[in-house]
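Residue numbers (the numbering used here): 14 to 139.
Glycine included, each C-beta is placed from N, C-alpha and C at the ideal position.
Because the structure is a prediction, the values reported are computed rather than measured.
Everything below concerns the one structure shown next.
Spelled out as structure tokens, the structure:
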């Protein structure tokens, strides 16, 4: 019983780290949107506006994915809380956690790819 609670708390720790990662990335998206607004005000031409709209669409999509991941994290935390009470087997949680881990890994990679593209855009037009 004690080892299961320790294991479940390790899973819970991962969820907290991912939740903080999403919060940080959300704040980055807020900052990037501000910078895009600064560029939009300057009206640098159609080509720049098309790229700007592309980035705005990417940010909207990222926020949707962040919402989905936050929801998954909340559900996982709820499952862990119930497991502590009901003494459920650890294996089921570990398998589900690995799927969520893979989703987070993919999202973080996509976020940093977008961030890199946006930073290049900002260097050119800010």
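Whole-angstrom distance between residue j and residue i, CA atom to CA atom
i: residue 30; j: residue 72; result: 22 angstroms
i: residue 86; j: residue 27; result: 10 angstroms
i: residue 116; j: residue 125; result: 14 angstroms
i: residue 64; j: residue 129; result: 14 angstroms
i: residue 50; j: residue 98; result: 49 angstroms
i: residue 70; j: residue 137; result: 20 angstroms
i: residue 77; j: residue 37; result: 15 angstroms
i: residue 66; j: residue 95; result: 44 angstroms
i: residue 61; j: residue 133; result: 13 angstroms
i: residue 122; j: residue 32; result: 16 angstroms
i: residue 74; j: residue 42; result: 11 angstroms
Proximal residues to residue i (C-beta, below 7 angstroms), its chain only, five neighbours per side dropped
i: residue 131; result: 45, 68
i: residue 39; result: 79
i: residue 120; result: 78, 82
Residue j beta carbon less than 8 angstroms from that of residue i
i: residue 25; j: residue 93; result: yes
i: residue 127; j: residue 82; result: no
i: residue 113; j: residue 90; result: no
i: residue 52; j: residue 139; result: yes
i: residue 59; j: residue 135; result: no
Cut-off 8 angstroms between Cβ atoms - residues of its own chain near residue i, not counting five sequence neighbours on either side
i: residue 57; result: 138
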